[in-house]
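Accompanying notes for the structure given below.
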Amino acid sequence: MMNDALVIEGKAAPRGRFPHVKTVGDLVFVSGTSSRNADNTFRGVNVDALGVTDLDIREQTRAVIENIRDILGAAGAGLEDLAQATCYLVNMNDFGGFNEVWGEFFDESGPTRTTVAVHQLPHPHLLIEIQGFAVRPR
């Protein structure tokens, strides 16, 4: 039985003292994951020359799910092994775009999911964060 906590090279460093992922036996727990890149830029964020910010829920959702895929991969699992996800949206008006991208990766045989609105996330450019757990294949 493997019990490891991993901070994964090439991913955005956690903004606190916690791992990207922790395995306990065959269970794989993924910490809250955003669209932040290793260089601390964000996918789904465009700031023009005047400082006007455009945030894209679809691009951010895609980036978050791809980050989770990579994190699960480092722990010996994949998106197909994801059993449950909790999704945090800053604005429920983004629910449609979020759902659209979710459907690119998952169908009704995918993970169970809870989606809630939160007041804010750790950076003002973030529209979404997802945490979840998977069961590593034997």
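Residue numbers -2 to 135, in the working numbering, belong to the letters of the sequence shown in order. Note that CB positions come from ideal geometry on N, CA and C, so glycine has one too. As the structure is a prediction and not an experimental result, all values here were calculated from the model.
Looking at the unbroken beta strand (DSSP E) that takes in residue i, where does it start and where does it end?
{"i": "ILE65", "result": "Run containing ILE65: none in the beta strand (DSSP E); it sits in the alpha helix (DSSP H), 54 to 71."}
{"i": "GLU126", "result": "125 to 132"}
{"i": "VAL18", "result": "18 to 21"}
{"i": "ASN0", "result": "0 to 3"}
{"i": "SER31", "result": "First-last for SER31: undefined, no H or E at that position."}
Taking the alpha carbon of residue i as the reference point, which residue from the options has its own alpha carbon closest?
{"i": "ASN34", "options": "ILE65, SER106 and PHE130", "result": "ILE65"}
{"i": "ILE5", "options": "ASP23, LEU24 and THR30", "result": "THR30"}
{"i": "GLY100", "options": "GLY13, LYS8, LEU76 and ALA10", "result": "LEU76"}
{"i": "GLY7", "options": "VAL61, PHE26 and ASP67", "result": "ASP67"}
{"i": "PHE26", "options": "ASP51, MET89 and GLN128", "result": "GLN128"}
{"i": "ASP104", "options": "GLN117, PHE92 and LEU79", "result": "LEU79"}
{"i": "VAL115", "options": "LEU124, PRO108 and ALA46", "result": "LEU124"}
{"i": "HIS120", "options": "THR112, GLY107 and VAL42", "result": "VAL42"}
{"i": "MET89", "options": "VAL113, GLU126, VAL61 and THR38", "result": "VAL113"}
Taking DSSP's pairing of strands, which residues face residue i in a bridge?
{"i": "ASP51", "result": "ASN43"}
{"i": "ALA80", "result": "Per DSSP, none; premise fails for ALA80."}
{"i": "LEU118", "result": "Partner(s): none; LEU118 has no beta bridge."}
Roughly how many whole angstroms lie between the Cα atoms of residue i and residue j?
{"i": "VAL132", "j": "ASN96", "result": "23 Å"}
{"i": "VAL98", "j": "ARG40", "result": "14 Å"}
{"i": "VAL18", "j": "LEU86", "result": "21 Å"}
{"i": "GLN81", "j": "PHE15", "result": "20 Å"}
{"i": "GLY13", "j": "ASP23", "result": "25 Å"}
{"i": "MET(-2)", "j": "ALA72", "result": "Only weak support is given to the placement of MET(-2): the predicted model assigns it a pLDDT of 47, under 50, and the question is left unresolved by the model."}
{"i": "GLY93", "j": "ALA10", "result": "29 Å"}
{"i": "ASP46", "j": "PRO134", "result": "Note on residue identity: the sequence assigns Ala, not Asp, to residue 46. Between ALA46 and PRO134, the C-alpha separation is close to 48 Å."}
{"i": "THR111", "j": "CYS84", "result": "6 Å"}
What first and last residue would you give for the alpha helix (DSSP H) that runs through residue i?
{"i": "VAL87", "result": "Element bounds for VAL87: n/a, residue is neither H nor E."}
{"i": "PHE92", "result": "92 to 102"}
Please find out if some non-hydrogen atom of the ligand NAP comes closer than 6 Å to the beta-carbon of residue i.
{"i": "ASP53", "result": "Summarising the ligand content, the structure contains no ligands, and the ligand NAP is consequently not present."}
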